[in-house]
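With the working numbering as the guide, the letters of the sequence shown map in order to residues 1 to 171.
Don't be surprised by glycine CBs; every beta carbon is placed ideally from N, CA and C.
Here the structure is a predicted model, which means the values were calculated and not measured.
To start, the structure under review is shown below, and the notes come after it.
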Amino acid sequence: MNQTSYIEINKLAYSHNIKYLRRILGKDVRISSVVKGNVYGHGVDTIIPLAEKAKINHFSVFSANEALDVFKVASPKSDIMIMGYLSDEQLEWAIENEIEFYVFDLLRLQSAIDYAKKTGKPARIHIETETGFRRTGFEYPMLPEVVKLLKDNPDHIIFEGLCTHYAGAES
1 MNQTSYIEIN
11 KLAYSHNIKY
21 LRRILGKDVR
31 ISSVVKGNVY
41 GHGVDTIIPL
51 AEKAKINHFS
61 VFSANEALDV
71 FKVASPKSDI
81 MIMGYLSDEQ
91 LEWAIENEIE
101 FYVFDLLRLQ
111 SAIDYAKKTG
121 KPARIHIETE
131 TGFRRTGFEY
141 PMLPEVVKLL
151 KDNPDHIIFE
161 GLCTHYAGAE
171 S
């Protein structure tokens with residue numbers, strides 16, 4: 001089938017734009033390239049090496065399957081973060097392979113701790129908070145329990161970050 005549109009990614013322009021962002025944001029800011037959906041159809045095989053050459057070393061995906069695709073292509077020095085749901089098997093795989101992931105409920109947090117104990121590797125987590133859009137995440141009253149679990153398990157949890165989800169906010 002003939003395509004009526006296409007996108008061309010200019011490697012020099014891509015690199016220039018990343019350098020520009022770094023100048024504005026500062027050298028200590030870590031940029032995560034969202035590469036879910038096979039980099040929105042552009043292909044992880046093409047974009048990951050381009051991003052790494054521009055000194056991007058953090059990639060965000062939606063699922064464990066997408067994380068595996070990135071894992072196969074990315075440098076071992078790059079980090080991967082899963083933003084979506086993980087089954088127990090996928091959670092264990094993520095921990096074993098030092099993949100970061102969102103935690104948005106107490107069951108998942110406890111499962112992460114349990115699998116971290118089982119694998120002997122800490123879970124690299126981002127705590128997702130609910131900020132009023134009724135998406136996913138911990139609501140404010142749950143946060144003291146979350147903090148307690150984090151403090152009680154310093155050998156099993158690496159608290160990488162705090163996040164929220166605003167998708168659909170405009171509707």
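Determine whether the beta carbon atoms of Val35 and Val44 lie at a separation below 8 angstroms. Taking 8 angstroms as the cut-off, the beta carbon of Val35 is found closer than this to the beta carbon of Val44.
By alpha-carbon positions, which one of Ile47, Thr164, Ala116 and His16 ends up nearest to Ile208?
The chain is shown only over 1 to 171; residue 208 falls outside these bounds and no answer can be derived.
Quiz prompt | Extent of the continuous alpha helix (DSSP H) run through Gly37 | solution = From DSSP, the alpha helix (DSSP H) with Gly37 extends over Lys36 to Tyr40.
Fill in: Minimum length 4: unbroken alpha helix (DSSP H) runs contained in the segment 98-131
As for any alpha helix (DSSP H) of minimum length 4 sitting wholly inside the segment 98-131, the runs are 106-119, ordered along the chain.
Considering only DSSP beta bridges, list what Phe59 is partnered with. Answer is Ser33 and Ile80.
Quick one: using the 10 Å Cβ neighbour count with 16 as the cut-off for buried, is Met13 buried or exposed?
The sequence shown places Ala at residue 13, rather than the Met named in the question. Classification of Ala13: exposed, given that the 10 Å Cβ count is below 16.
**OP:** Hey, could you find the ends of the alpha helix (DSSP H) Ile24 is sitting in?
**Re:** Unbroken alpha helix (DSSP H) run through Ile24: Lys11 to Leu25.
Any idea if Arg134 is buried or exposed, counting beta-carbon neighbours within 10 angstroms, 16 or more meaning buried? The residue is exposed, with fewer than 16 neighbouring Cβ atoms inside 10 Å.
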